[in-house]
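Colleague: In terms of this note's numbering, the sequence shown opens at residue 16 and continues consecutively.
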Amino acid sequence: MTPKSLIGLAAITAVAVAAAVVVAGGNSAGSAVADRGRVLLPDLVKTSASVERLAVTVGKDTTTLTRNGDRFVDASGYPARIDEVRKLVSSLAILTIDEDKTDKPDRYLDLGLADPAADKGAATKVALLDKEGKPLAAVYAGTKDYTVGGSRGGQYVRLDGNPQAYLVRGSLDMPAARADWFDARLTDIKPAALSKVTLTDASGATVDFTRTGDKLLPAALPDGKTPDEGKANRVTAFLQAFDFSDVRKETPASIGNTTRLRYETADGLAVTATAVPAADEAGKGWIRITAEAIDSKAADAAKAINDKAAGYEFKVNTIHTEMFGWTVASLAKEG
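1) Quick one: what's got a C-beta closer than 6 Å to D89's C-beta in the same chain, skipping five residues either side?
2) Taking Cβ positions only, does D125 come closer than 8 Å to chain B?
3) May I ask you to report which of helix, strand or coil DSSP gives N83?
4) Which residue from S345, K348, G298 and F259 puts its Cα closest to that of I304?
5) Using the Cα positions of G185 and F339, report the straight-line distance between them to the nearest angstrom.
6) Please report the straight-line C-alpha distance between N177 and K102, rounded to a whole angstrom.
7) Mind checking which residues open and close the beta strand (DSSP E) that includes K140?
8) Give a yes or no on contact between the stretch 248-257 and the stretch 179-195, applying the rule of three or more CB pairs nearer than 8 Å.
9) From the DSSP output, which residues share a beta bridge with F257?
10) For a test of the three-state rule: what should DSSP assign to W196, helix, strand or coil?
11) Roughly how many whole angstroms lie between the Cα atoms of E67 and L107?
12) Report the three-state DSSP secondary structure of V37 (helix, strand or coil).
13) For the alpha helix (DSSP H) that E337 lies in, which residues bound it at each end?
14) Please report the Cβ distance between R96 and D198, rounded to the nearest whole angstrom; I am assuming they are in contact, meaning their Cβ atoms lie under 8 Å.
15) Which same chain residues end up closer than 7 Å to T266 when comparing Cβ atoms and leaving out the 5 residues on each side of it in sequence?
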């Protein structure tokens with residue numbers, strides 16, 4: 016894939032920009048609408064093929080995606096969805112000014128255009144850079160305004176280094192959460208497909224979940240206690256539609272004494288999810304995923320998972336964080 020085809024804006028976006036200008040109706044003599052119809056970033060259609068890096072800052076967190084051959088990857092090396100990159104750049108390129116707003120920084124809060132780290136009225140900052148790190152576009156995006164005509168309504172924006180704020184036609188088309196930049200679905204294994212689950216806790220104690228009717232339950236708990244079926248259901252459903260919430264490069268951390276869950280399916284696939292040790296509470300919830308084919312007919316399924324997961328660690332959703340701290344004893348029903 017060539018750089019020009021990577022973003023693919025030169026023809027399609029040029030038509031969209033022209034249409035947006037016609038809809039906006041051209042300039043007006045009034046000061047507030049003196050810029051009406053002007054494209055916010057007139058050079059972006061031509062320079063979009065030169066985008067080598069994009070940085071999106073929300074709050075104190077920045078997601079940076081860098082071109083790597085025919086794709087964009089984040090700092091971990093994990094590939095982003097190229098369609099999400101295209102949509103963001105395209106949506107920026109077709110923004111047209113509808114109305115000039117304030118140029119006073121103390122009014123930015125009202126438009127959602129304050130600094131991204133601000134407690135209130137924080138904007139999202141989007142920067143597109145070329146190979147030398149030169150900004151091709153740097154925009155603060157604020158509150159959306161659906162009173163502006165067009166299918167996407169409008170949005171308040173300002174350009175980095177320019178105090179003038181604008182209401183534009185159109186809005187930034189970008190993921191709402193960091194994980195949405197990626198194909199975050201690692202597995203989709205339904206509980207009914209499982210033949211066995213094994214939990215090994217941080218102490219090394221192990222328990223197998225075996226099938227009892229339509230459920231997989233811990234076979235033998237300490238002191239003969241009864242399994243907590245709610246917890247058992249959470250364990251066995253973990254790999255069904257499992258999406259990660261964040262990704263990073265595999266760390267040097269040893270995982271010898273942490274909770275791990277091994278899932279075996281009836282058709283010969285085994286998937287192991289292993290907790291990565293955390294130095295503090297905030298660091299909990301990262302896991303590693305590996306797959307193997309117990310039966311040769313599961314080889315393709317195991318390879319598909321490993322191709323995505325090898326060399327990375329994944330943040331689980333909050334509901335699963337607790338699960339990777341469970342012991343064998345804690346699977347018992349209380350009381």
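From the three backbone atoms N, C-alpha and C, an ideal C-beta is built for every residue, glycine too.
Bear in mind the structure is a predicted one, so any value in this text is a computation, not a measurement.
Modeller: Reading off the structure:
1) Reading the sequence shown from its first residue, position 74 is the one you call residue 89. For D89, where only same-chain residues beyond five positions count, the Cβ hits under 6 Å are L80.
2) Absent from the structure is chain B; it holds one protein chain and no more.
3) By 1-based counting over the sequence shown, the position of residue 83 is 68. It is a strand residue.
4) Counting from one through the sequence shown, the residue named residue 304 turns up at place 289. Looking from the CA of I304, the closest CA among S345, K348, G298 and F259 belongs to F259.
5) As a position in the sequence shown, residue 185 is number 170, starting the count at 1. As a position in the sequence shown, residue 339 is number 324, starting the count at 1. Using only the alpha carbons, I get a separation of about 43 Å.
6) Taking the first residue of the sequence shown as position 1, residue 177 is located at position 162. Taking the first residue of the sequence shown as position 1, residue 102 is located at position 87. Distance between the alpha carbons of N177 and K102 is about 25 Å.
7) Start at 1 with the first residue of the sequence shown, and residue 140 comes out as number 125. Its beta strand (DSSP E) spans residues T139 to L144.
8) In this structure the stretch 248-257 does not touch the stretch 179-195; the number of beta carbon pairs closer than 8 Å is below three.
9) As a working mapping, residue 257 is identified with position 242 in the sequence shown. Residue pairing by DSSP places F257 opposite T202 in a beta bridge.
10) Within the sequence shown, residue 196 is the residue found at index 181, counting from 1. When secondary structure is reduced to three states using DSSP, W196 falls in the helix class.
11) Along the sequence shown, read from residue 1 onward, the residue named residue 67 stands at position 52. Along the sequence shown, read from residue 1 onward, the residue named residue 107 stands at position 92. If you take the alpha carbons of E67 and L107, they lie about 16 Å apart.
12) For this step, residue 37 is matched to residue 22 along the sequence shown. In this prediction, V37 scores a pLDDT of 47, lower than 50, which makes its location untrustworthy; no coordinate-derived value is stated.
13) On the sequence shown, position 322 is the one that residue 337 refers to. From DSSP, E337 is part of no alpha helix (DSSP H); its letter is neither H nor E.
14) Position 81 of the sequence shown, counted from the first residue, corresponds to residue 96. Position 183 of the sequence shown, counted from the first residue, corresponds to residue 198. Going by Cβ atoms, the distance from R96 to D198 rounds to 6 Å, so yes, they are a contact pair.
15) Indexing the sequence shown from 1 puts residue 266 at position 251. Here the set comprises V291 and E328.
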